[in-house]
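Input: a single structure, listed below in structure tokens.
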Amino acid sequence: MRDLRKALRGMNIDFQEIDAETVLIKLRDGRSYVFKNPSVILTRVQGQETFQIVGNYEIELPKSSYSPPDEDVKLVASQAGVSEEEARKALIDKNGDLAEAINYLLQKGG
25 MRDLRKALRG
35 MNIDFQEIDA
45 ETVLIKLRDG
55 RSYVFKNPSV
65 ILTRVQGQET
75 FQIVGNYEIE
85 LPKSSYSPPD
95 EDVKLVASQA
105 GVSEEEARKA
115 LIDKNGDLAE
125 AINYLLQKGG
């Protein structure tokens with residue numbers, strides 16, 4: 025390893041191991057890649073830094089903070105013929121769109 029490091033330094037390439045516990049990569053769509061106890065290598069080449077992450081990861085989905093009003097839940101439940109709990113979940117999944125939630129539940133039921 026020492027010889028490799030010396031040879032790479034001769035080519036102006038440097039690397040080091042990073043003692044990481046968790047690596048989190050957040051995507052613009054709200055999802056996240058979470059690496060627990062990964063192997064991380066930082067490589068420097070001509071002033072540029074690159075991280076290499078190796079290990080198992082989980083994908084975390086964004087948590088919805090939307091809470092549908094009770095009157096919307098009751099309307100969707102009555103129109104789709106489902107429980108209020110199912111109606112609430114459909115409204116959350118469809119970001120509060122009443123028509124989409126009702127259509128989804130009707131298609132799911134039929």
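Numbering-wise (this note's numbering), the sequence shown opens with residue 25 and increments by one.
All C-beta atoms, glycine included, are put in the ideal place defined by N, C-alpha and C.
Minimum C-alpha distance to Ile-49 - residue among Gly-105, Ala-114, Leu-130 and Gln-76: Here residue 49 is taken as the residue at index 25 of the sequence shown, counted from 1. When only C-alpha atoms are compared, the closest one is Gln-76.
Secondary structure at Glu-73, three-state DSSP: helix, strand or coil? By one-based count along the sequence shown, residue 73 stands at place 49. In the structure shown, Glu-73 falls within a strand segment according to DSSP collapsed to helix, strand and coil.
Buried or exposed for Arg-112, going by 16 or more other Cβ atoms inside 10 Å? Taking the first residue of the sequence shown as 1, we reach residue 112 at position 88. Buried, by the Cβ-count rule.
Could you tell me the distance, in whole angstroms, from the CA atom of Lys-98 to the CA atom of Pro-86? On the sequence shown, residue 98 is found 74 positions in, with the first residue counted as 1. On the sequence shown, residue 86 is found 62 positions in, with the first residue counted as 1. Using only the alpha carbons, I get a separation of about 26 Å.
Starting from Leu-48 and walking both ways along the beta strand (DSSP E), at which residues does that stretch end? Position 24 of the sequence shown, counted from the first residue, corresponds to residue 48. Start and end: 46 to 50.
Distance between beta carbons of Pro-93 and Ile-116, contact taken as under 8 Å: Taking the first residue of the sequence shown as position 1, residue 116 is located at position 92. Taking the first residue of the sequence shown as position 1, residue 93 is located at position 69. 12 Å between Cβ atoms; not a contact.
In this structure, what does DSSP give as the bridge partners for Glu-82? As a first step, residue 82 must be located in the sequence shown, where it is residue number 58. DSSP, once it has assigned bridges, lists Val-58 as partnering Glu-82.
Nonlocal neighbours in the same chain, by C-beta distance under 6 Å from Thr-74, ignoring five residues either side: Position 50 of the sequence shown, counted from the first residue, corresponds to residue 74. Spatial neighbours of Thr-74 in its own chain (CB-CB distance under 6 Å, excluding positions within 5 residues in sequence) are listed in chain order as Thr-67.
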